[in-house]
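Notes to accompany the following structure.
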Amino acid sequence: MRRGARILIRAGVWAALAVLVAAFASGPEFRLLPDGHGQLTLAIARLTDRVRPCRQLTEAERQALPPTRRVREVCERERRALFARLALDGRVLFERRLAPSGLHDDGRVYRIERWPLPAGEYVAELVLDAVAGEDRVENGTPVSRTLAFRLEPGRSAVIDVGDHEVELLNVADETRPAADPAGRPRRQGADET
Amino acid sequence: MSNPAARALARFEAGVSAGFGHARNPFHYLGALTIGFLWIALVTGVYLFVFYRASLAGAYASVQVLSEDQWFAGGIMRSVHRYASDAALVCLVAHLLREAVRGRFRGPRWFSWVTGPPLIWIVALFGVTGYWMVWDELGQYVAQTTARLLDALPLFSEPMSRNFLADAALGSRLFTLVAFIHLVGLPVVAVLAIWFHLLRVRYPRVNPPRRLWAGSLVMMLALALAAPVESHAPADLARVPGPLQPDWFYLALFPLAGIIPPAAAWAVAAGGTLLLAALPLVPGGRTGTPARVWLPDCTGCGYCADDCPYGAIDMVARSDGRNFETEARVNPALCVACGICAGSCPSSSPFRRREPLTTGIELPERTVDGLRTELAELAAADCDLLVVGCDHAVELDRLDAARTGSIRLPCIGMLPASAIDYALRRLRFSGVVLAGCADCDCHHRLGERWLAERIDWQRPPALRERVERERIAVCNLKRGQHRRLAREAARLRRRIAQLERNAGREAA
Numbered sequence: 001m002r003r004g005a006r007i008l009i010r011a012g013v014w015a016a017l018a019v020l021v022a023a024f025a026s027g028p029e030f031r032l033l034p035d036g037h038g039q040l041t042l043a044i045a046r047l048t049d050r051v052r053p054c055r056q057l058t059e060a061e062r063q064a065l066p067p068t069r070r071v072r073e074v075c076e077r078e079r080r081a082l083f084a085r086l087a088l089d090g091r092v093l094f095e096r097r098l099a100p101s102g103l104h105d106d107g108r109v110y111r112i113e114r115w116p117l118p119a120g121e122y123v124a125e126l127v128l129d130a131v132a133g134e135d136r137v138e139n140g141t142p143v144s145r146t147l148a149f150r151l152e153p154g155r156s157a158v159i160d161v162g163d164h165e166v167e168l169l170n171v172a173d174e175t176r177p178a179a180d181p182a183g184r185p186r187r188q189g190a191d192e193t
Numbered sequence: 001m002s003n004p005a006a007r008a009l010a011r012f013e014a015g016v017s018a019g020f021g022h023a024r025n026p027f028h029y030l031g032a033l034t035i036g037f038l039w040i041a042l043v044t045g046v047y048l049f050v051f052y053r054a055s056l057a058g059a060y061a062s063v064q065v066l067s068e069d070q071w072f073a074g075g076i077m078r079s080v081h082r083y084a085s086d087a088a089l090v091c092l093v094a095h096l097l098r099e100a101v102r103g104r105f106r107g108p109r110w111f112s113w114v115t116g117p118p119l120i121w122i123v124a125l126f127g128v129t130g131y132w133m134v135w136d137e138l139g140q141y142v143a144q145t146t147a148r149l150l151d152a153l154p155l156f157s158e159p160m161s162r163n164f165l166a167d168a169a170l171g172s173r174l175f176t177l178v179a180f181i182h183l184v185g186l187p188v189v190a191v192l193a194i195w196f197h198l199l200r201v202r203y204p205r206v207n208p209p210r211r212l213w214a215g216s217l218v219m220m221l222a223l224a225l226a227a228p229v230e231s232h233a234p235a236d237l238a239r240v241p242g243p244l245q246p247d248w249f250y251l252a253l254f255p256l257a258g259i260i261p262p263a264a265a266w267a268v269a270a271g272g273t274l275l276l277a278a279l280p281l282v283p284g285g286r287t288g289t290p291a292r293v294w295l296p297d298c299t300g301c302g303y304c305a306d307d308c309p310y311g312a313i314d315m316v317a318r319s320d321g322r323n324f325e326t327e328a329r330v331n332p333a334l335c336v337a338c339g340i341c342a343g344s345c346p347s348s349s350p351f352r353r354r355e356p357l358t359t360g361i362e363l364p365e366r367t368v369d370g371l372r373t374e375l376a377e378l379a380a381a382d383c384d385l386l387v388v389g390c391d392h393a394v395e396l397d398r399l400d401a402a403r404t405g406s407i408r409l410p411c412i413g414m415l416p417a418s419a420i421d422y423a424l425r426r427l428r429f430s431g432v433v434l435a436g437c438a439d440c441d442c443h444h445r446l447g448e449r450w451l452a453e454r455i456d457w458q459r460p461p462a463l464r465e466r467v468e469r470e471r472i473a474v475c476n477l478k479r480g481q482h483r484r485l486a487r488e489a490a491r492l493r494r495r496i497a498q499l500e501r502n503a504g505r506e507a508a
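Pasting the structure below:
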């Protein structure tokens, strides 16, 4: 084969590899959300109450223990499940009983859910309630929060449920007066009611 | 190699060989090219790391400084780093597909096959951690999706995704960890995995030829200059990243995790890997009876053990009381009956007068005695040109030339060099054409190389000096190249005719 043809084949092979690499190294384009949509995330990391309350040891019980293990109270590890319901503008997005993590159901309840939403103003109602077993049994500290927020296109609003508070992250909670004059998205802490 | 896909592949590769030559055909070095591209990625990565700041605030800015303020060095390095990583994955997948199409996963090759798919995971992890480190919108997407995927596994007590809810939740330590994994952890694991992959491959080719090295580098540089890599907008956890221009080589499965549950995405990826790894269990691919050692002819020279591509022969202490230290012992589990050991045995000489001819080590189904008989039959049939081929190379049955006899062996490496001498001197063939697998693409990896080295006096047992090398044509070709074989045979005939005319003149 002629030298020119050989060079052409070599160049062709290298060019084919280069084109293949270049074509898929940065594209084709991919969108996570449709145009005009944002995302709402419900992130729960909440330590629920124990299934049975801690019990104070009697003096006799303490004396029966080795000296280095004479604690004042003993607590069983198992914690209650958490009932969570999130409604957006009256429409229920999420309603589920969530089990605690851990082999002995002794950890926090963790859950992260995401929904793409059209941009706009929303009112979210969050209800959290500890449950024991299959039957919902209120433990006396149910949480009910109403959050109003404006979701802009491409924005990621997060309802972050912690141990003691519910926060709206990355967007402003419009049920509360603006605290940041610069207009930046703020971390909005809220006492539970 | 009888399936249509393998034949089509051979034809395509023959076209590529027309430009590169068989010995430098990039398709013969896909594994070595993968390692070569990883080397390029490693060297450029070391340069990039010098300027990289592993922190939430510094990661994106430091990469931008590399790309913009020193585009002539850091920018090109970054682009070459990215493209070399992509090319490594392309070559790795092409290597895997090529071996699968050619059925090179059966028998003793199962180990190399099974240890291959994990390498895809390791290389993919390089990509995932590398994109994360840039901490642009694509890095954010990779980090968030990786976290979602990891959360589906029982690995962490607290979901990793909680780190990516808002910027305030993210710490710089995570970047230090990812940088450590990318720069230290994964390279160490990759080296170990490659070593493991090649553990049962004797004389592995881990470096491509220099010209392929040069071609790779030039291609990478040209690509880096023509399409320099750019970052997306900086990561902002308050926003959903997008639109993205992902690297589909590394991130092709990531969108899947947004469509199906992460656990299902893991099932797809793990199931695919397991299916690949299970290919050796597919029935088929007949392997002949393993080689047999004939102790009366074995002197314990060890040539067969040196030459066996599969490491199927061990030299062990002598068991028959003869005055030799060792004898060959075949491990039937590793032997694929290629016959290369018979070609390397000094006693496989057809000149020996013993009837039937025995040799130190040979295939029970394809003996050296049988080879000698076949040669004699061809000579008696008035053939003056001998073509020796193999089961996996160019088709000899499509060679249509007068007075040309052909013999097919399991591998061209099975042909003892002395058999060439025997055919030319004793049986009066005028020339011998050796038509094994294309250079550097022997089905049994080393057969054509060993025979060439024996002819060139580089490997024992070598072809005797008295044999006129002009009467031998080494014509290693792929399937479908029978016309070229015919041309080469005709050319050898002309050369021999010229030789004989010259000899006649000298005699006169």
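Sequences listed follow chains H and U, in order.
Numbering of the first sequence is given in my numbering, commencing with residue 1 and proceeding in unit increments.
Numbering of the second sequence is given in my numbering, commencing with residue 1 and proceeding in unit increments.
Where a beta carbon is used, it is the ideal one built from N, C-alpha and C, also for glycine.
C-alpha gap between residue i and residue j, whole angstroms
{"i": "Phe94 (chain H)", "j": "Leu117 (chain H)", "result": "14 Å"}
{"i": "Glu134 (chain H)", "j": "Gly36 (chain U)", "result": "Note that Glu134 (chain H) scores 47 on pLDDT, short of 50, meaning its location in the model is unreliable and no value can be drawn from it."}
{"i": "Val171 (chain H)", "j": "Phe12 (chain U)", "result": "58 Å"}
{"i": "Leu378 (chain U)", "j": "Gly405 (chain U)", "result": "6 Å"}
{"i": "Val316 (chain U)", "j": "Ala486 (chain U)", "result": "45 Å"}
{"i": "Cys509 (chain U)", "j": "His197 (chain U)", "result": "Only positions 1 to 508 of chain U appear in this structure, which leaves residue 509 (chain U) out of reach."}
{"i": "Thr115 (chain U)", "j": "Arg491 (chain U)", "result": "45 Å"}
{"i": "Leu40 (chain H)", "j": "Pro117 (chain U)", "result": "38 Å"}
{"i": "His392 (chain U)", "j": "Ser156 (chain H)", "result": "59 Å"}
{"i": "Leu96 (chain U)", "j": "Leu88 (chain H)", "result": "50 Å"}
{"i": "Glu68 (chain U)", "j": "Gly185 (chain U)", "result": "29 Å"}
{"i": "Gly436 (chain U)", "j": "Leu396 (chain U)", "result": "10 Å"}
{"i": "Val142 (chain U)", "j": "Ser161 (chain U)", "result": "12 Å"}
{"i": "Ser319 (chain U)", "j": "Ser349 (chain U)", "result": "24 Å"}
{"i": "Phe30 (chain H)", "j": "Ala226 (chain U)", "result": "23 Å"}
{"i": "Leu153 (chain U)", "j": "Val158 (chain H)", "result": "23 Å"}
In DSSP terms, what residue i is bridged to
{"i": "Ser220 (chain U)", "result": "Correcting the residue type first, residue 220 (chain U) is Met in the shown sequence and not Ser. Its beta-bridge partners do not exist; DSSP assigns none."}
{"i": "Asp160 (chain H)", "result": "H:Ala43 and H:Glu167"}
{"i": "Gly120 (chain H)", "result": "H:Leu151"}
{"i": "Asp314 (chain U)", "result": "U:Arg329"}
{"i": "Tyr110 (chain H)", "result": "H:Ala45"}
{"i": "Trp115 (chain H)", "result": "H:Leu40"}
{"i": "Leu128 (chain H)", "result": "H:Ala84 and H:Val143"}
{"i": "Ser406 (chain U)", "result": "U:Val387"}
{"i": "Arg96 (chain H)", "result": "H:Ala84"}
{"i": "Ala6 (chain U)", "result": "BP columns for Ala6 (chain U) are empty, so no partner."}
Closest Cα partner of residue i within the set the options
{"i": "Gly127 (chain U)", "options": "U:Gly21, U:Leu42, U:Leu174 and U:Tyr47", "result": "U:Leu42"}
{"i": "Gly300 (chain U)", "options": "U:Gly480, U:Glu158, U:Ser344 and U:Val191", "result": "U:Ser344"}
{"i": "Arg528 (chain U)", "options": "U:Asp297, U:Arg403 and U:Asp314", "result": "This structure leaves residue 528 (chain U) out entirely; chain U is present only between 1 and 508."}
{"i": "Asp160 (chain H)", "options": "H:Leu147, H:Pro66 and H:Leu42", "result": "H:Leu42"}
{"i": "Gln481 (chain U)", "options": "U:Arg493, U:Ala73, U:Asp236 and U:Ala438", "result": "U:Ala438"}
{"i": "Arg72 (chain H)", "options": "H:Ser26, H:Ala87 and H:Cys54", "result": "H:Cys54"}
{"i": "Ala59 (chain U)", "options": "U:Ser216, U:Ala14 and U:Val134", "result": "U:Val134"}
{"i": "Tyr203 (chain U)", "options": "U:Glu327, U:Ala393, U:Pro118 and U:Arg449", "result": "U:Arg449"}
{"i": "Gly215 (chain U)", "options": "U:Thr367, U:Val188 and U:Pro26", "result": "U:Pro26"}
{"i": "Thr136 (chain U)", "options": "U:Trp113, U:Val63 and U:Ser348", "result": "First, the amino acid is wrong: residue 136 (chain U) is Asp here, not Thr. Looking at the Cα atoms, U:Val63 is the closest of the given residues."}
{"i": "Phe83 (chain H)", "options": "H:Leu47, H:Leu33, H:Pro66 and H:Ser156", "result": "H:Leu47"}
{"i": "Ser430 (chain U)", "options": "U:Leu396, U:Arg494 and U:Asn3", "result": "U:Arg494"}
{"i": "Tyr310 (chain U)", "options": "U:Thr326, U:Arg318, U:Arg292 and U:Val330", "result": "U:Val330"}
{"i": "Trp121 (chain U)", "options": "U:Ser17, U:Ile40, U:Ala193 and U:Gln458", "result": "U:Ala193"}
{"i": "Val90 (chain U)", "options": "U:Ala233, U:Ala278, U:Ala32 and U:Asn3", "result": "U:Ala32"}
{"i": "Phe324 (chain U)", "options": "U:Pro332, U:Cys341 and U:Gly302", "result": "U:Gly302"}
{"i": "Arg50 (chain H)", "options": "H:Ala119, H:Val143 and H:Val109", "result": "H:Val109"}
Contact test: residue i Cβ vs the ligand PLP heavy atom, cutoff 7 Å
{"i": "Leu32 (chain H)", "result": "Within the structure as shown, the ligand PLP is missing, as the structure has no ligands at all."}
Item to check | Residue ranges of each alpha helix (DSSP H) within the region 368 to 394 of chain U, 4 or longer | outcome: Entirely contained in the region 368 to 394 of chain U, the alpha helix (DSSP H) runs reaching 4 residues are, in chain order, 368 to 380.
Item to check | Residues within the region 241 to 269 of chain U neighbouring chain H, beta-carbon criterion of under 8 Å | outcome: Cβ contacts with chain H come from Pro241, Gly242, Pro243, Leu244, Gln245, Pro246, Asp247, Trp248, Phe249, Pro255 and Gly258.
Checklist entry - Which full runs of the alpha helix (DSSP H) of 4+ residues lie inside the region 415 to 467 of chain U, going along the chain? => result Given a length threshold of 4 residues, each whole run of the alpha helix (DSSP H) inside the region 415 to 467 of chain U is given here in chain order: 417 to 421 and 447 to 455.
Item to check | Interfacial residues, the region 413 to 443 of chain U to chain H, with Cβ spacing under 8 Å | outcome: Per Cβ criterion, the list is empty.
Item to check | Runs of alpha helix (DSSP H) wholly within the region 141 to 203 of chain U (minimum 4 residues, chain order) | outcome: Segments of the alpha helix (DSSP H) lying fully in the region 141 to 203 of chain U: 173 to 180 and 186 to 197.
Checklist entry - For the region 13 to 30 of chain H, which residues have a beta carbon sitting closer than 7 Å to at least one beta carbon of chain U? => result Along the region 13 to 30 of chain H, going in chain order, the ones with a CB nearer than 7 Å to a CB of chain U are Val13, Trp14, Leu17, Ala18, Leu20, Val21, Ala22, Phe24, Ala25, Ser26, Gly27, Glu29 and Phe30.
Item to check | Positions along the region 61 to 83 of chain U whose CB lies within less than 9 Å of some CB in chain H | outcome: The residues in question are Arg82 and Tyr83.
Next on the checklist: Under 7 Å, CB to CB, which of the residues in the region 14 to 25 of chain U have a partner in chain H?
Outcome noted: Residues passing the 7 Å Cβ filter: Val16, Ala18, Gly19 and Phe20.
Item to check | Positions along the region 449 to 460 of chain U whose CB lies within less than 7 Å of some CB in chain H | outcome: Of all residues in the region 449 to 460 of chain U, none has a C-beta nearer than 7 Å to a C-beta of chain H.
Next on the checklist: Can you pull out the residues from the region 42 to 56 of chain H whose beta carbon lies closer than 9 Å to at least one beta carbon of chain U?
Outcome noted: Residues Ala43 and Ala45.
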